[in-house]
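Encoded as structure tokens, the structure appears first; notes follow it.
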Amino acid sequence: MCKFRIIILFLLTFFPGRNIMPQRSFDYAFRQINQSDGLLHNEVLSVTQDARGFIWIATRNGLQRYDGSSFSYYPDMLSDPLGGQNFGAEIYADKTNNYLWISNGVNLERMNLARYHFTLYDSEKLIKDSSFIFTPYRDQANDSWLLGDKAIYYHHPITKRNILYQVNILPENSRRTSFIASDSTRNAKWITPGSGLFLFEKKTRKVYSHKFNPNHHPLLQIPFAGDASTQAVCYVRQQAGYLGYYLGR
Numbered sequence: 000m001c002k003f004r005i006i007i008l009f010l011l012t013f014f015p016g017r018n019i020m021p022q023r024s025f026d027y028a029f030r031q032i033n034q035s036d037g038l039l040h041n042e043v044l045s046v047t048q049d050a051r052g053f054i055w056i057a058t059r060n061g062l063q064r065y066d067g068s069s070f071s072y073y074p075d076m077l078s079d080p081l082g083g084q085n086f087g088a089e090i091y092a093d094k095t096n097n098y099l100w101i102s103n104g105v106n107l108e109r110m111n112l113a114r115y116h117f118t119l120y121d122s123e124k125l126i127k128d129s130s131f132i133f134t135p136y137r138d139q140a141n142d143s144w145l146l147g148d149k150a151i152y153y154h155h156p157i158t159k160r161n162i163l164y165q166v167n168i169l170p171e172n173s174r175r176t177s178f179i180a181s182d183s184t185r186n187a188k189w190i191t192p193g194s195g196l197f198l199f200e201k202k203t204r205k206v207y208s209h210k211f212n213p214n215h216h217p218l219l220q221i222p223f224a225g226d227a228s229t230q231a232v233c234y235v236r237q238q239a240g241y242l243g244y245y246l247g248r
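First residue of the sequence shown: 0, per numbering that gives the first Met the number 0; consecutive thereafter.
Take a look at the structure:
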């Protein structure tokens with residue numbers, strides 16, 4: 000199981016009137032923040048910074064905002080931050096649209112930072128909301144999948160219900176580990192829904208995996224791909240054209 004336990008906040012101090020040369024060393028001031036300073040829990044699950052410079056922190060005990068000297072608390076958000084998800088909570092500040100996205104692996108929450116208005120998206124609401132676009136794919140058994148920027152659904156052939164496989168709040172190729180990443184060299188998306196790697200190819204609308212790998216892609220042949228206890232997160236660095244992944248048990 001992957002656990003993220005460390006938070007370091009630092010301030011870069013600029014001195015007016017001094018010429019900053021490219022090779023000149025900078026002075027950094029480090030301060031350790033813990034529960035005695037107002038942090039809800041010393042185990043931090045995710046950290047992000049919004050357009051106004053506020054630091055948002057997801058801990059085991061909920062969500063809070065740090066302005067450099069004091070904390071603001073949001074007890075109604077992330078009341079169960081782990082939510083049964085191995086990787087815990089994830090938060091991301093969309094600086095363009097001024098939103099804070101929050102996920103505990105099961106639900107999505109969106110906070111309008113201008114009005115501090117919260118919108119909760121469960122699995123049913125997310126797939127029905129027209130603002131989220133999903134593209135249909137099929138796997139080797141001809142079963143249907145729905146892939147969007149914020150979630151992945153599997154259509155169960157017996158129950159005829161769409162089952163939420165994974166949620167994602169990070170934009171494509173955000174240079175952060177994510178569950179959905181674009182591969183510009185193949186016009187496809189790499190997905191990690193909890194075990195191994197999946198390749199969603201846009202041209203064929205097919206889902207490739209270790210069970211269906213007719214082109215013998217080496218990443219889909221990795222020996223741990225079928226291990227249900229293996230978790231993976233990935234990203235694609237477009238410029239270099241490679242896939243990075245992290246594994247944990």
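We put the beta carbon where it would ideally sit given N, CA and C, even for glycine.
Just so you know, these numbers come straight off a predicted model, no measurement behind them.
### Query
What is the DSSP secondary structure of S102, reduced to helix, strand or coil?
Stepping through the sequence shown from its first residue, residue 102 is reached at position 103. Of the three classes helix, strand and coil, the one that applies to S102 here is strand, per DSSP.
### Query
Taking only runs of the beta strand (DSSP E) that begin and end inside the region 98 to 173, which ones reach a length of at least 3 residues, in chain order?
Residue ranges of uninterrupted beta strand (DSSP E) with 3 or more members, entirely inside the region 98 to 173 and ordered along the chain, are 98 to 102, 107 to 111, 116 to 120, 133 to 137, 143 to 147, 150 to 154, 161 to 166.
### Message
For T118, count the other beta carbons within 10 Å of its own beta carbon; 16 or more makes it buried, fewer makes it exposed. Which is it?
### Response
Reading the sequence shown from its first residue, position 119 is the one you call residue 118. T118 should be labelled exposed.
### Query
So does the region 200 to 213 actually touch the region 136 to 146, counting three or more Cβ pairs closer than 8 Å?
Touching, per the Cβ criterion.
### Query
Hey, A28 and L44: beta-carbon distance below 8 Å or not?
Taking the first residue of the sequence shown as position 1, residue 28 is located at position 29. Taking the first residue of the sequence shown as position 1, residue 44 is located at position 45. Contact annotation: A28 and L44 have beta-carbon atoms that are not nearer than 8 Å.
### Task
Can you say whether G195 is buried or exposed, counting buried as having 16 or more other CB atoms within 10 angstroms of its CB?
Looking up residue 195 in the sequence shown gives position 196. Burial call: buried.
### Message
Going by DSSP in three states, S69 sits in which element: helix, strand or coil?
### Response
Your numbering for residue 69 matches position 70 in the sequence shown. Per DSSP, reduced to three states, the secondary structure at S69 is coil, with no helix or strand assignment.
### Residues near P168 in its chain [Cβ-Cβ closer than 8 Å; skip 5 each side]
As a first step, residue 168 must be located in the sequence shown, where it is residue number 169. Note that residue 168 is Ile in the sequence shown here, rather than Pro. Apart from the 5 residues on each side of it in sequence, I168 sits with its Cβ closer than 8 Å to the Cβ of E89, I90, Y91, W100, I101, S102, L107, K149 in its chain, given in chain order.
### Task
Determine the closest residue to N33 out of S68, L163, Q165, with distance taken between C-alpha atoms.
Position 34 of the sequence shown, counted from the start, is the residue given in the question as residue 33. Nearest option by C-alpha distance: S68.
### Message
Please report the straight-line C-alpha distance between G52 and Q63, rounded to a whole angstrom.
### Response
As a first step, residue 52 must be located in the sequence shown, where it is residue number 53. As a first step, residue 63 must be located in the sequence shown, where it is residue number 64. For G52 and Q63, the gap between their C-alpha atoms comes out near 14 Å.
#### Entry: Sequence-distant residues of its chain with Cβ nearer than 6 Å to L38 (five each side left out)
By one-based count along the sequence shown, residue 38 stands at place 39. In chain order, I32 place their CB closer than 6 Å to the CB of L38, counting only its own chain and leaving out the 5 sequence neighbours on each side.
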